[in-house]
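Engineer: Numbering (full-length UniProt numbering), first residue to last: 1 to 384.
All C-beta atoms in this analysis are idealised placements derived from N, C-alpha and C, irrespective of residue type, glycine included.
(1) Runs of 4 residues minimum, wholly inside the segment 140 to 171: which ones carry the alpha helix (DSSP H) assignment?
(2) Measuring only the C-alpha atoms, how far is residue 179 from residue 83?
(3) If you check the beta carbons only, do residue 77 and residue 90 fall under 8 Å apart?
(4) By DSSP, does residue 178 sit in helix, in strand, or in coil?
(5) Along the alpha helix (DSSP H) that carries residue 287, what are the first and last residues, could you check?
(6) Roughly how many angstroms separate the alpha carbons of residue 134 and residue 273, rounded to a whole number?
(7) Note down, in chain order, each residue of its chain lying with its Cβ closer than 6 Å to the Cβ of residue 385, except the 5 sequence neighbours on either side.
(8) Hey, residue 279 and residue 308: beta-carbon distance below 8 Å or not?
(9) Would you call the segment 262 to 272 and the segment 18 to 37 touching, i.e. three or more CB-CB distances under 8 Å?
(10) Measuring only the C-alpha atoms, how far is residue 118 from residue 337?
(11) So is residue 176 buried or exposed if we call it buried at 16+ other beta carbons inside 10 Å?
(12) Checking 8 Å against the spacing of the C-beta atoms, do residue 49 and residue 28 come in under that value?
(13) Indicate the three-state DSSP secondary structure (helix, strand or coil) for residue 130 in the structure shown.
(14) When you compare the segment 109 to 117 with the segment 202 to 218, are there three or more beta-carbon pairs, one atom per stretch, that lie closer than 8 Å?
(15) Quick check: the Cα distance between residue 88 and residue 71, rounded to an integer number of angstroms?
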């Protein structure tokens, strides 16, 4: 999965990368539906703990640096139900660290690209020619890549970072807000910081909505390229609900995390509402077909169909005693959930592999076709 994600980014297939990350993050949070799952399914969900940046932060010591910034005293906000069982700290700063790390890394990357672009552009054509053909080619390629990444930062880089990190941002906000605490200055600051970030999220929704509407007007004077992240993978259409796909997707993410956190005391109702919201989104995608990539369209249909069904099937665990399920039946349904969740990932993987193979094949064919005329032209000049 990591190798495929890297390949998606390197080949510019960002919509495939974001959809893959969305699916993995969804599976890492669905385990908090407050219904007691069988042991095999709990073990399966533990794997998705690795789908986060936290292990990297722990390994590199960055988490320790964040802890130092927070002072000597370890702050802990008591959670409940499955969050308590999973040792989840409701403290906003702790949960928001990964998002801070991503944004700091994004800005450092921007300043590095800006600095290196200035350095490389100081190398004139004469000095590049002296370095040799291949070295000069590498300089030109790196220079162009850095320049493009610098230009992409405003606003595509920021937009993509927010959109890809939305599950984690929403979780860090809601888990603090539900445990709003003003017993100390530090806890008050964190509680109000979570409230501020929530307000910023609402502002971000309004920003996306109005920006996409403005681009749907033919006489807009703003450059759409600067905000292409808002339209990644979306079909060209005058239908406002098609162009607002990414806004609707983010809203769906926020609703999902809201239900996970705020409905923790009623697992059955929680599962029903999550399945219902998943079904509404599925109908929306099926009817309007907002995605330009047919493979991504099929992936969304398959994934959301199984996710909605699997969430409803969680109710069987809640009514295990009423249904007189044996331990073997209980585990068997758990294996069905594991198989169906894995099937979603395998189907997505196969679709992505086929797309990437087709994309690379077309590039190779185009490269060969472009070289043939050059060889023929060179032969003509020699014999002339």
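Structural biologist: So, from the data block:
(1) 158 to 164
(2) 12 Å
(3) Taking 8 Å as the Cβ cut-off, residue 77 and residue 90 qualify as a contacting pair.
(4) coil
(5) 267 to 288
(6) Between residue 134 and residue 273, the C-alpha separation is close to 59 Å.
(7) The first residue shown for the chain is 1 and the last is 384, placing residue 385 beyond what the model contains.
(8) yes
(9) Output reads yes: the segment 18 to 37 touches the segment 262 to 272.
(10) 53 Å
(11) buried
(12) yes
(13) In the three-state scheme derived from DSSP, where H, G and I count as helix and E and B as strand, residue 130 is classed as helix.
(14) no
(15) 20 Å
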